[in-house]
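K.L.:
To start, I am sharing the structure in question, which I have written as structure tokens.
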Amino acid sequence: MIADPLVIVGAGAWGTALANAAAQAGRTVTLVARDAEHAGTIETARENLRFLPGAPLHAAITVTADLGATAAARALLLVVPAQALREAARALAPRLAPGTPVVICAKGIERTSSRFMSDIVAEELPAAVSAVLSGPSFAEDVVRGLPTAVVLACAQEETARGLAAALASPAFRIYHGTDVRGVEIGGAAKNVLAIACGIVMGCGLGESARAAMVARGFAELMRFARALGARPETLMGLSGLGDLVLTCGSAKSRNFAFGEALGRGVPLSEASGGKLAEGAFTAAALVAMAGQHGVEMPISEAVAALVAGEMSVEAAIGALLNRPIRAEHEII
1187 MIADPLVIVG
1197 AGAWGTALAN
1207 AAAQAGRTVT
1217 LVARDAEHAG
1227 TIETARENLR
1237 FLPGAPLHAA
1247 ITVTADLGAT
1257 AAARALLLVV
1267 PAQALREAAR
1277 ALAPRLAPGT
1287 PVVICAKGIE
1297 RTSSRFMSDI
1307 VAEELPAAVS
1317 AVLSGPSFAE
1327 DVVRGLPTAV
1337 VLACAQEETA
1347 RGLAAALASP
1357 AFRIYHGTDV
1367 RGVEIGGAAK
1377 NVLAIACGIV
1387 MGCGLGESAR
1397 AAMVARGFAE
1407 LMRFARALGA
1417 RPETLMGLSG
1427 LGDLVLTCGS
1437 AKSRNFAFGE
1447 ALGRGVPLSE
1457 ASGGKLAEGA
1467 FTAAALVAMA
1477 GQHGVEMPIS
1487 EAVAALVAGE
1497 MSVEAAIGAL
1507 LNRPIRAEHE
1517 II
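Numbering (our numbering), first residue to last: 1187 to 1518.
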């Protein structure tokens, strides 16, 4: 079992929900916010009014903006956006004790380097033991104590098992494994595919079209995962198929909502509604990596072209609908 204290860096909705879940599992938790004002507001209100209003903060959680608190961490959850993860890891480097487990909770690929999150942690925190937490989960569900199942992967199986045991509770089930790359691929690619499904619904193409998009998108995900050495069974699980089904079928998904807005004709600059849609940043990196490995990903390519302003929604849909008809086993 991982000992206390548990430190969570990132006081957005997901960081706050994970802090509550860990506290409910019996952990003593320190939640580190980006700035003193945000930390002070959460600590005073005992509620994250900015990102998760209406959810009381557990009594076992201390909130601070002092990164120095990470020096005492026996385990650390890094819950920042994917494109900010390198900066956050770099800031932790002089503070974190060697051998500290660092659980990456971001889902994406760094767009400037086409690096997965675990690669970034290996570069910036080489003395840390990195793990990845992913799966079908909304912060609002977790903080309300609704049943949720996710997966935690670490190359060191014993560490994966210990972290899962330390964070899990009856309502927040955490399965564990060692296929870090597979879990990362599922979490990153599903965001891109959720944008595509949102576009389908925003354009009014119907539920049948969305189901086809999910199925064909999953085939893309599996081809990509195989090329990068991930285990097929990982992608069939929570971090692949499970997360894909959730984010491609719910307007609560920021990536789906972003795509749905694009499908309705909302300009690219306004479609996110001021919220973070990680898939918009991941798309180009995902497609670039697929090209390097000779993997065909037409749906992801269309999304990447759309968010880059290189293709209209109508042209993207037309291109996908006009692809040659082939035997299904040839594209799985």
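Backbone N, C-alpha and C define an ideal beta-carbon position, used for all residues, glycine too.
#1: May I ask you to report which of helix, strand or coil DSSP gives residue 1459?
#2: Determine, using beta-carbon pairs with one atom in the segment 1315-1331 and one in the segment 1280-1292, whether at least three such pairs fall under 8 Å.
#3: On the CB-based measure, 16 or more other CB atoms within 10 Å of its CB, does residue 1508 come out buried or exposed?
#4: Out of 1324, 1196, 1330, 1311, which has the shortest C-alpha to C-alpha gap to residue 1264?
#5: For residue 1156, does the count of other Cβ atoms within 10 angstroms reach 16, so buried, or fall short, so exposed?
#6: Check the DSSP bridge columns for residue 1233 and list the partner residues they point to.
#7: Got a sec? Which residues, its chain only, sit under 8 Å from residue 1247 by beta carbon, not counting five neighbours each side?
#8: Sort out for me which residues DSSP pairs residue 1287 with in a bridge.
#9: Three or more beta-carbon pairs under 8 Å between the segment 1431-1439 and the segment 1447-1460, yes or no?
#10: Please check the pair residue 1337 and residue 1361, which I expect to be a contact at CB under 8 Å, by giving their CB distance rounded to whole angstroms.
#11: Please classify residue 1273 as buried or exposed, where buried requires at least 16 neighbouring CB atoms within 10 angstroms.
#12: Pull up the DSSP beta-bridge partners for residue 1301, would you.
#13: Return yes when the Cβ of residue 1463 is within less than 8 Å of the Cβ of residue 1385, no when it is not.
#14: Is residue 1369 helix, strand or coil by DSSP?
#15: Just the C-alpha distance for residue 1261 and residue 1346, rounded to the nearest angstrom, thanks.
#16: Mind checking which residues open and close the beta strand (DSSP E) that includes residue 1249?
#17: Given a cut-off of 8 Å, decide if residue 1424 and residue 1322 are closer than it, judged by their beta-carbon atoms.
#18: Do the segment 1291-1311 and the segment 1466-1479 touch if we need at least three Cβ pairs shorter than 8 Å?
#19: Which value, in whole angstroms, describes the spacing of the CA atoms of residue 1452 and residue 1378?
#20: Beta-carbon separation of residue 1421 and residue 1477 under 8 Å?
#21: Cβ of residue 1304 within 8 Å of Cβ of residue 1370?
P.N.:
A quick look at the data gives this:
#1: Residue state, collapsed to three classes: coil.
#2: In short, these stretches touch, since the Cβ pair count reaches three.
#3: Classification of residue 1508: exposed, given that the 10 Å Cβ count is below 16.
#4: Minimum Cα distance to residue 1264 is reached at 1196.
#5: Missing from the structure shown is residue 1156; the chain here goes from 1187 to 1518 and no further.
#6: DSSP lists 1242 as partners of residue 1233.
#7: Hits under 8 Å: 1205, 1206, 1209, 1215, 1216, 1217.
#8: 1315, per the DSSP bridge assignment.
#9: Because the criterion of three Cβ pairs below 8 Å is not met, the segment 1431-1439 and the segment 1447-1460 do not touch.
#10: Sure, about 5 Å apart at Cβ, within 8 Å.
#11: By the neighbour-count rule (16 or more Cβ atoms within 10 Å), residue 1273 is not buried but exposed.
#12: 1296.
#13: No, they are not a contact pair.
#14: Note: residue 1369 maps to helix in three-state DSSP.
#15: Going from the Cα of residue 1261 to the Cα of residue 1346 covers about 12 Å.
#16: Element bounds for residue 1249: 1247-1250.
#17: Yes, the Cβ-Cβ distance between residue 1322 and residue 1424 is below 8 Å.
#18: The way I'd put it, the segment 1291-1311 does touch the segment 1466-1479; three or more beta-carbon pairs between them come closer than 8 Å.
#19: So the two alpha carbons sit approximately 18 Å from each other.
#20: Cβ atoms of residue 1421 and residue 1477: not closer than 8 Å.
#21: Yes.
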